[in-house]
Amino acid sequence: MTISVSIHGDERVGALLTQKISRRKDLELSADGRCVIYIPGSSDDATDQVTSFLNAGIDTICTAPLDAFTRADLLEACKAGGSTFHATGGFHTVLVTRFSRAFSRISRNIRRVELTEEVDGIDTSFSDSAHQNALRVLGEAVPESDDVRFESISQDIATDSALLRYRLTTTTDDAVGHATIRFNSGSGVHPADHLTCVGVLDAIRPVHESAPGILHNELGIDYVQLDDQLSR
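Heads up: the sequence shown begins at 77 in the working numbering, then just goes up one per residue.
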């Protein structure tokens, strides 16, 4: 079944999503799609826009983190419109969630996690809610640790052509591990924008097919899972 999708918000990411959706046989762009992708800017009132979509019965995927919203307001709007909501958290959450899945499988003995995100070339607009969301996701993956740190900084790191870079340090009682992951720009697309699109595209069908309510990222699987479910 083809899902009709409309895009609102940031033009740069919106243009990239338009290209990707136009190449999908199971998706089609529409001015009044059954599912809306909302990419808020740093000065936008995301809550008002999202609840407006949900109240109108439109399933909504937003690139802001779930922590930026009041859950009760979202559920009230989902109930009123019979709609479903998912917050991807943007590119910050895409990689943090994948790191966390690895932690939850590799070791139960990690007592410290430090992750630094370095971004060059775009305004990250990294709000307090996004920062707290990333910390929460990391913390859920290593529940035995009370020392989880996440930092996102904007700086000139393009000397090695990487526009997005992650530095990860994990500590157990036996050893300290280090890893650096670099993302280069491909075809003129900033890797942060690409990752934002990945999170959105992965969520479209689960959101569309789910019962009304809120969906969230589940660490143990590679798709979104129902969180707060409302009866139809």
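Cβ atoms here follow ideal geometry from the backbone N, Cα and C, with glycine treated the same way.
Q: Please state whether DSSP places A238 in a helix, a strand or coil.
A: strand
Q. Where A255 and G157 are concerned, what is the direct C-alpha to C-alpha distance, given to the nearest angstrom?
A. 45 Å
Q) Secondary structure at L302, three-state DSSP: helix, strand or coil? A) With a pLDDT of 46 at L302, under the threshold of 50, the modelled position of that residue is not reliable, and the figure given next carries that caveat. In this structure, L302 counts as strand in the three-state DSSP scheme.
Q: State the Cα-Cα distance for the pair D135 and A268, rounded to the nearest angstrom.
A: 24 Å
**Q.** Cβ neighbours of I186 in the same chain (closer than 8 Å, five flanking residues each side left out)
**A.** F179, V218, E220, S221, T246, T247, T248
Q. I79: buried (16+ other C-beta within 10 angstroms of its C-beta) or exposed?
A. buried
Q | Top-ranked residue by Cα proximity to I229, from V213, R212, G215, H207 | A | H207
Q | 7 Å Cβ cutoff met for R241 and R258 | A | yes
Q) Excluding five sequence neighbours on each side, which residues of the same chain lie with their C-beta closer than 6 Å to the C-beta of F167? A) A268, L271, T272
Q) Given 8 Å as the limit, is there contact between the stretch 96 to 106 and the stretch 115 to 128, that is, 3 or more CB pairs closer than that? A) no
Q) Looking only at C-alpha atoms, which of D102, K155, G90 sits nearest to P116? A) G90
(Q) For a quick check, are the C-beta atoms of I113 and V265 less than 7 Å apart? (A) no
Q: Would you kindly report the start and end of the unbroken beta strand (DSSP E) that includes F226?
A: 224 to 230
Q. Would N260 be called buried (16 or more neighbouring beta carbons within 10 Å of its own) or exposed?
A. exposed
**Q.** Simplified DSSP state of N209, which is helix, strand or coil
**A.** helix
Q: Can you say whether G85 is buried or exposed, counting buried as having 16 or more other CB atoms within 10 angstroms of its CB?
A: buried
Q.
Can you find the residues in the same chain that come closer than 6 Å, C-beta to C-beta, to C138, ignoring five residues on each side of it along the sequence?
A. Y114, V126, A163
Q) With a CB to CB cut of under 8 Å and the five nearest residues on each side skipped, what residues in its chain are close to A122? A) Y114, P116, C138, A140, A144, F145
**Q.** Element boundaries [alpha helix (DSSP H), containing A140]
**A.** Per DSSP, A140 belongs to no alpha helix (DSSP H) and is neither H nor E.
Q | Assigned exposure category for E193 - 16 Cβ within 10 Å defines buried | A | buried
Q: Output the distance between the C-alpha atoms of F161 and V195, rounded to the nearest integer angstrom.
A: 28 Å
Q. Out of curiosity, what's the CA-to-CA distance linking N209 and D102?
A. 31 Å
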